[in-house]
Each structure stands twice: as structure tokens, then as C-alpha cells.
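To keep things clear, I will list the structure first and then write my remarks on it.
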């Protein structure tokens, strides 16, 4: 009877059509495991019973390893301000305009879920005016958090008609107040190609402002910086305050995002004053001051501990997934990057670069499921190690019930069972095991997270195999 079932599974999977539609289900892990990262901190007092089988006692985690944050924070600021100091223009047009092949040969699918025409994508290529690159060399600043695009267009390109939200022309989100170097304009001058310390691509010119040397000197003058304690804190300028400090006609300036730094201009009992740049009518930077409350911000860098990382994770827990920063949400690598920015780590933008950042990634791709998970548990540092697979990165937060647990921002885990294909939805920042989607994974399927993980890296200390 069991043999017959196995043979049936093999037959139905082998004969299933490649274009069979996915059955969409919510991954069971989301109801099994608590979504409170503090529950995985040693001696945590956080509730661990928010879900049916959340841990009853805090798992035992390795202590955080000591490291010096001051050099990290100094290096972070050097990277952050590098477009204004010593960043050369990237002359490698093949890497700068890597999108050329898809524009001229493989146009993909558009926002109407129908194939893009080659004429339309070739028109975008012509608009890029690559033969004149670089036609600019201007120091600037981002004045509104913006999409960084592979092309000077808001239009999406999907590999398949059902590939939402994976727009292949979406590179990243870049926060307001980020220093950049403008290297090129498209023919319309509605878009500028920029380089920052962590990403390059096309940004709308209306979200940029040029900066003078005097502006740069002012914006780089703060000796101390702060970061928000939660996401999307509204900041207002210091105008329109009465003698009691109450708002009269103060103007909204920006939303402070987790992982975003602000230079302190002054501090009083009401909080901090920080620099914020806006674009004036001539496209130049107008530097204003915004007020930030003490209770909403922490000094940069924050002290590293299990609890501090878990607290930061919780501020983003449940946030929706955003491929390449789509709709100003976070994908896997943006989530990891914004978590560790709090501690002075200036991580690269994509998952592979993050995995090799500390130069200590261990290849575990050839291990069996059991040995791979055991290696992660025995060698990983909870809240300090990342697990990498092609196109995805996760933060290891510890062990529960013999399972390695991770916090990550993910769309779904695809599986198959008995001839059916499944999308086990995660949909954002979640805590799961490496077996998320197992309930819809056949005996011979090998598409779970545990199967695809190739490497582990400790972002602070070397991992010794």
C-alpha cells in the first residue's frame, strides 16, 4: 500500500505539466511558531504563548561574542559619505547597464500581464543615452525615499505573467538624506543615474538635490548620529513652535526608517535637532532642521546584544514583503541590512554580497538536511549569523525543539506534492523554521529552505568549521 502511494507520487510528479498553476496556502510555520523574536532571547520575559506551540521556555543560546563597534561605526560613516568624498565614477558600462540584454532581446511581461514589445523596451534603451555615459559628475543627496531602478522608467518587467511582485527592473529603495553621486541623465532628464555607498541605478530627478561643498561640510559636521527605534516615524521641521514647544504650523519633512541615520545638530530636554535636506525650486539642496524625540531614537551605533537585535526585528515583524524595496517595503537583504545598520555594519545590498561580507562564509551546500541543520545550530551565533541560499538570506536566531529558527523577509516557499504545486505564503517579515512549507512537500521534493541553503556566515566573528 505504501509502495503504491510512493509510485503514484513519482508518477504524478513526473507527468505534471511545468505550467501547472500553484495552489496558494499560508505556511503552517506562521501558526506554529511565535512571531515574537524576544521569545528566542535567553532568560526572556516575553510571552511565548502567542501561538499554539511556541516555546514554553527560552531556548538556550550561545552568548553574544564581543567585538568593537567604534571602528565599525566609523567605517559605516565613511561608506555612507563616500559619494561626496572619494567615489570614482564606475566606467564599466557592462555592469552599470547590465539590463541591456533584456531590453534588446528578452522584454518579459508588463503591468498588464501581457508580453512587452521589443519596440517598447528598445525605446527605453535609447532613452538611457548610454553612448554619452557618463554625462554628469554631480554630488547630490536623496530628498525623498525613492525607488532605485535598473531603467529610467516606473514600468515593471516580470519574467513570467504570474511573477508578481518580482519586477526585474526594481533594484532597491534608497532612504531620504542618503549621499549620492549623479553620473548620468537620460534624454528626458527626468531620471538620473546615481551611485551611493550600497547601490546604483536610476532615480527620479525630482527626488534629488545637488549639494555644494558648503552643504557637504555642514551635513558631514555632526559628531553624533541617531537612529529610529521604530519604523516610519514622522519628522517635522522646527518652525512654527510656540514658547512651550507645541506645533503651530510645523511642516512634515520625512519619515525616519529603521536603519536610517540622522546627524545631530543640537540636543535639549525636548529631544534632538537633526539635519534634513529638501529640494528647492532650482534643484539644489535646502538644509533644514527637524526635531526628533528622545523616546523615539537611539544613539548610533546601538550596543549589540541578543535582546537589542530581537527588539529591532520586532519593530519590522509582520511588515509586508517588498521585492527591491517595492512600495517602500523590505525584501530579504534590505531587512538584514536595516537590522545590522543599527550596530554600525554597512552591509551590501544583495544577499550574496552580504553572505561573503565577513569573509568567513562556510559552504554547507553538500550536507544532508540533518547534518546541515545540526551544523547551523552548533556553529551559528544566534542573532549574529546569516544563512544564504541563491537569491535569499535569513538571520539565524537560535534553536527551538531541535530546529534552527530564522527571521527573514520572504514572499513564499514553493513546494510540490502528489502532482500539485504549492506556494506556501510567508508574505513579509516572519519567524520560521527551515522546514516552512513541509506540510505541502512530497517525499522526493527538495525545495525547502533547508534544502537550498548553501552557506552560513557570522557577521561579527569567524565561524570555525
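Numbering (our numbering), first residue to last: 624 to 1088.
Think of the CB as a built atom: it goes at the ideal place given N, C-alpha and C, for glycine as much as any other residue.
Apart from the 5 residues on each side of it in sequence, residue 830 sits with its Cβ closer than 7 Å to the Cβ of 765, 766, 767, 769 in its chain, given in chain order.
In its chain, beyond the 5 residues on either side, 780 have a beta carbon closer than 6 Å to the beta carbon of residue 791. Leaving aside the five residues that flank residue 917 on each side, the residues in its chain whose CB is nearer than 6 Å to its CB run, in chain order, 894.
For residue 1056, the enclosing beta strand (DSSP E) begins and ends at 1043-1056. According to DSSP, residue pairing for residue 656 in a beta bridge does not occur. Scanning its chain for C-beta atoms nearer than 8 Å, with the 5 sequence neighbours on each side dropped, one finds around residue 725 the residues 731, 744, 780, 791, in chain order. If you draw a straight line from the Cα of residue 711 to the Cα of residue 805, it comes to about 11 Å. Under the DSSP definition of a beta bridge, residue 1040 partners with 1043. Counting the other Cβ atoms within 10 Å of the Cβ of residue 654 gives fewer than 16, which makes it exposed.
Here DSSP, grouped into helix, strand and coil, assigns residue 775 to coil. Collapsing the DSSP output to three states places residue 705 in a helix. For the segment 913-982, the continuous alpha helix (DSSP H) assignments of 4+ residues that do not extend past its boundaries occur at 929-939, 955-964, 974-978, in sequence order.
When DSSP assignments are scanned along the segment 988-1038, the uninterrupted stretches of alpha helix (DSSP H) that are 4 or more residues long and fall wholly within it turn out to be 992-1002.
Taking C-beta atoms under 8 Å as the contact rule, residue 809 and residue 750 qualify, at a distance of about 5 Å. Taking a 10 Å sphere around the C-beta of residue 647, we find fewer than 16 other C-beta atoms and assign the residue as exposed. In this structure, residue 920 lies near residue 849, with their beta-carbon atoms less than 8 Å apart. Excluding five sequence positions before and after residue 999, the CB atoms of its chain that fall closer than 7 Å to its own CB belong to 1010, 1019, 1027, 1079, given in chain order. Per the coordinates, the alpha-carbon of residue 836 lies some 55 Å from the alpha-carbon of residue 645.
For residue 834, there is no enclosing beta strand (DSSP E), as DSSP gives it neither H nor E. For residue 851, the beta-bridge partners assigned by DSSP are 920. Non-local C-beta neighbours of residue 1047 in its own chain, meaning closer than 7 Å and more than five positions away in sequence, comprise 648, 650, 1035, 1036, 1038, 1059, 1060, 1063, ordered along the chain. Here the alpha carbons of residue 825 and residue 859 stand approximately 28 Å from one another. DSSP places residue 897 within a strand segment (E or B) once states are collapsed to three. Following the DSSP letters along the chain, one finds residue 1074 in no beta strand (DSSP E) but inside the alpha helix (DSSP H) bounded by residues 1072-1075. The DSSP assignment places 761-765, 769-772, 793-797, 802-808, 814-818, 823-827 as complete runs of the beta strand (DSSP E) inside the segment 740-827, in order along the chain (cut-off: 3 residues). Membership of residue 719 in any beta strand (DSSP E) is not indicated; the residue belongs instead to the alpha helix (DSSP H) covering 716-719.
Straight-line measurement puts the Cα of residue 914 at about 55 Å from the Cα of residue 1065. Going by DSSP, residue 886 is part of the beta strand (DSSP E) stretching over 885-891. Checking the DSSP bridge columns, you'll see residue 859 partnered with 875, 914. With respect to residue 879, residue 851 sits close: the two C-beta atoms are nearer than 8 Å. When the alpha-carbon of residue 855 is set against those of 883, 873, 833, the nearest one is in 883. Here DSSP, grouped into helix, strand and coil, assigns residue 902 to strand.
When C-alpha distances from residue 798 are compared across 897, 819, 977, 733, the shortest belongs to 819. Under DSSP, residue 845 takes part in no beta bridge, so it has no partner. Here residue 811 is not near residue 906, since their CB atoms are 8 Å or more apart.
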